[in-house]
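As structure tokens, the structure follows; a few thoughts come after it.
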Amino acid sequence: MDKNEKIKYEVEEKLEIIKTMLVESEKKFFDNGVFYITIGLFFSLYSIIYYFLIKYNLLSIIQIINYLPLMIILLYLGLYIFFKIKDNKGKYQNNKNIILKFISYLWFINSISFLLIFLLFFSLNKTFNLKFYFGILSIYLGTNFLLNGFLFKNGNILKISGVFWYFILIFFILIKESFEIYLYFGLFLFLFQVLPGLILFLKNKKING
Amino acid sequence: MENIDKLIHSNTRLAIITYLYKNKKATFNELKEILKITDGNLSVNLSKLEMADYIRIEKMFKGKIPLTICYITKKGEEAFINYINELEKIIKEIKRGD
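Residue numbers (my numbering), protein chains in the order written: chain A, 1 to 209; chain B, 1001 to 1098.
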């Protein structure tokens, strides 16, 4: 190898290091998991409480309130939580880049879609199909988790959750239609959204302090 | 190659300074995770960069957990830009030689 070739090889090596680090920087932000914990706990509890209200014939208590204003309040509450978490995420992470923005808006738009689909199904009272509704939610969650997993640096736990949500869809296809689906969904949310969130939270704390 | 900054030219230090140039700051654990190197190796390289005033290191406690944050300095940013310019010159020279 002559001198020129040696220098060329060295420069290429250095450029490769710079390129790698710039790419790492782009996907550097570590998901702190707070989003999954908060939203997961909120919907998980909502689902489980709803199940118990049906089981013990207590649903009439909340049926005094018209579901539509309730849903609108929940929608606004969801939006408030979303922006609060989004702001905290910005403080927690050093740089806000296009991937972070994409992820934020993906969850934001999908959260609105969840509620709108729920409203739509609720308005079609007679044809309300729990299996179908929760099946759609599983696909949404599976897709979101997989996308998050591929885009975040510490994404393995999210990818696993995404795959599980696709399997949960099969579960909803196979089980009998009953109000117990609320309980199952609440538990699944806890297992495959809140728990991964907790793992990410602890991992992030270890890295970013 | 004689004008190249020898301090940044090391692979690990080049990676550190590039990462800090892009992100302005990073924690010790963050750098360790990305560079996949040992605590000792990272400490040695950070100290060399700090001694040259290319980076500034702040040590603090978050609760009871120690936290080390590295910041790139103005001098560090300039050194990185100069290093890139030198690489560019070398590439041009090589191309002329071909």
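Even for Gly, the Cβ is constructed at its ideal location relative to N, Cα and C.
Here the structure is a predicted model, which is why all the values come from computation and not from measurement.
If we ignore side chains and look at the alpha-carbon of each, how far apart do residue 172/A and residue 178/A end up?
-> Numbered from 1 along the first sequence, position 172 holds the residue referred to as residue 172/A. Numbered from 1 along the first sequence, position 178 holds the residue referred to as residue 178/A. Looking at the two C-alpha atoms, the distance is approximately 11 Å.
Backbone secondary structure at residue 1064/B - three-state DSSP = Within the second sequence, numbered from 1, the residue matching residue 1064/B stands at position 64. The answer is coil: DSSP assigns residue 1064/B none of H, G, I, E or B.
If you measure beta-carbon to beta-carbon, which residues of the region 1066-1084 of chain B are closer than 7 Å to chain A?
-> Of all residues in the region 1066-1084 of chain B, only 1067 come within less than 7 Å of chain A when Cβ atoms are compared, listed by chain position.
Would you call the region 1032-1047 of chain B and the region 1003-1012 of chain B in contact, with 3 or more CB pairs under 8 Å?
-> yes
Beta carbon of residue 36/A nearer than 8 Å to that of residue 169/A | Residue mapping note: residue 36/A aligns to position 36 of the first sequence, counting from 1. Residue mapping note: residue 169/A aligns to position 169 of the first sequence, counting from 1. Against a cut-off of 8 Å, the Cβ pair of residue 169/A and residue 36/A comes out as no contact.
Going along the chain, which residues of its own chain have a beta-carbon closer than 7 Å to the beta-carbon of residue 1090/B, five neighbours each way excluded?
-> Mapped onto the second sequence, residue 1090/B falls at position 90. Closer than 7 Å at the Cβ level, and outside the excluded window around residue 1090/B, lie 1001.
Checking contacts by CB at 8 Å: is residue 2/A closer than that to chain B?
-> Indexing the first sequence from 1 puts residue 2/A at position 2. Answer no: the Cβ-Cβ gap between residue 2/A and chain B never drops below 8 Å.
Are the beta-carbon atoms belonging to residue 1058/B and residue 1069/B less than 8 Å from one another?
-> Locating residue 1058/B in the second sequence gives position 58, counting from the first residue. Locating residue 1069/B in the second sequence gives position 69, counting from the first residue. Against a cut-off of 8 Å, the Cβ pair of residue 1069/B and residue 1058/B comes out as a contact.
Name the DSSP beta bridge partners of residue 973/B, please?
-> For residue 973/B there is no data in the structure shown, the boundaries of chain B being 1001 and 1098.
Using the beta-carbon count (16 or more within 10 Å), is residue 1072/B buried or exposed?
-> The sequence position of residue 1072/B within the second sequence is 72, counting from 1. Residue 1072/B comes out buried.
DSSP beta-bridge partners of residue 1025/B = To locate residue 1025/B, count along the second sequence from 1; it is residue 25. Answer by DSSP bridge pairing, in chain order: 1071/B.
Write down the C-beta distance between residue 1052/B and residue 1007/B rounded to the nearest angstrom, noting that I regard them as a contact closer than 8 Å.
-> For this step, residue 1052/B is matched to residue 52 along the second sequence. For this step, residue 1007/B is matched to residue 7 along the second sequence. Rounded, the Cβ-Cβ distance is 5 Å, consistent with contact.
Kindly list, in the order they appear in chain A, the residues whose Cβ is closer than 9 Å to that of residue 1019/B.
-> Locating residue 1019/B in the second sequence gives position 19, counting from the first residue. Chain A residues near residue 1019/B: 21, 22, 24, 25 and 28.
Amino acids of chain B, ordered along the chain, whose beta-carbon sits closer than 8 Å to that of residue 234/A | Shown here, chain A extends from 1 to 209; a query on residue 234/A therefore has no answer.
Run down chain B in chain order and give the residues with a C-beta less than 9 Å from the C-beta of residue 101/A.
-> Within the first sequence, numbered from 1, the residue matching residue 101/A stands at position 101. None at all; the shortest Cβ gap to chain B is about 17 Å.
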